[in-house]
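Just below is one structure, and these are the notes that go with it.
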Ligand SMILES: NC(=O)c1ccc[n+]([C@@H]2O[C@H](COP(=O)([O-])OP(=O)(O)OC[C@H]3O[C@@H](n4cnc5c(N)ncnc54)[C@H](OP(=O)(O)O)[C@@H]3O)[C@@H](O)[C@H]2O)c1
């Protein structure tokens with residue numbers, strides 16, 4: 010099993026503000042949807058609640074939500090109370106690649122625990138004012154495989 014992060018990051022590492030995405034990038038959203046289709050997506054409770062109601066749970070994906078709230082319930086989702094518990098859920102799944110889809114706290118915890126094998130990073134070539142950041146990563150210890158360039162969306 011491969012555990013991957015998928016994220017879009019501004020030049021100053023901002024990923025969100027007021028529990029929302031700051032940008033509207035249709036091509037990147039399509040990339041996210043296509044890449045994670047038919048997989049397991051793991052997310053923090055705040056990220057889950059940031060998804061517009063009509064789009065959640067994300068369709069054709071097993072949605073795993075991490076929260077410390079033991080009575081949290083989200084229809085059609087698997088709710089777990091720790092990172093370790095989310096891994097136990099994955100042990101029963103045969104998918105080859107699972108995706109950690111944020112937000113900031115959850116990216117940081119998976120990276121700190123050394124659980125991430127691969128990252129799909131959209132680098133947005135702008136600075137944004139935000140309150141949620143992607144953690145610092147020592148990219149020198151990562152191998153860059155595919156780099157795609159896009160015109161402004
Ligand atoms: N740019 C991107 O690609 C991207 C992707 C995803 C999200 N985002 C943005 O990121 C922001 C949300 O990120 P965030 O950092 O505020 O929140 P988050 O990581 O989505 O969720 C944080 C919540 O996860 C739960 N949690 C965290 N660590 C835990 C642990 N060890 N055990 C159990 N539960 C744990 C807690 O839930 P409880 O409080 O319920 O206990 C915590 O409040 C939004 O602005 C969103 O739009 C951006």
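In the working numbering, the protein residues as written are 10 to 162. C-beta atoms are modelled at their ideal positions from N, C-alpha and C, and glycine is treated no differently. Quick caveat, the model's predicted, so the values are computed rather than measured.
- Within the same chain, 25, 28, 29, 30, 112 come within 8 Å of residue 59 by CB-CB distance, once the 5 residues on both sides are set aside.
- When only Cα atoms are considered, residue 162 and residue 128 end up about 21 Å apart.
- For residue 55, the closest alpha carbon among the candidates 77, 40, 35 is that of 77.
- Restricting attention to alpha helix (DSSP H) runs no shorter than 4 residues, the stretch 47–98 encloses them at 54–59, ordered along the chain.
- Our two residues, residue 47 and residue 12, have alpha carbons roughly 14 Å apart in a direct line.
- In the structure shown, residue 40 falls within a helical segment according to DSSP collapsed to helix, strand and coil.
- In this chain, the beta strand (DSSP E) harbouring residue 106 covers 106–109.
- Counting only residues of its own chain and dropping the five nearest sequence neighbours on each side, residue 159 has a CB closer than 7 Å to the CB of 36.
- Taking the C-beta atoms as reference points, residue 109 is found nearer than 8 Å to residue 51.
- Contact holds between the stretch 68–82 and the stretch 93–103, because three or more Cβ pairs, one in each stretch, are under 8 Å apart.
- Per DSSP, residue 102 lies in no beta strand (DSSP E) and is assigned neither H nor E.
- With respect to the 8 Å criterion, residue 20 and residue 135 are classified as neighbours on the basis of their beta carbons.
- Listed as beta-bridge partners of residue 26 by DSSP are 29.
- Within the same chain, 74, 76, 81, 82 come within 7 Å of residue 88 by CB-CB distance, once the 5 residues on both sides are set aside.
- Runs of the alpha helix (DSSP H) spanning 4 or more residues and lying entirely within the stretch 132–160 do not occur at all.
- Between residue 123 and residue 23, the C-beta spacing is not below 8 Å.
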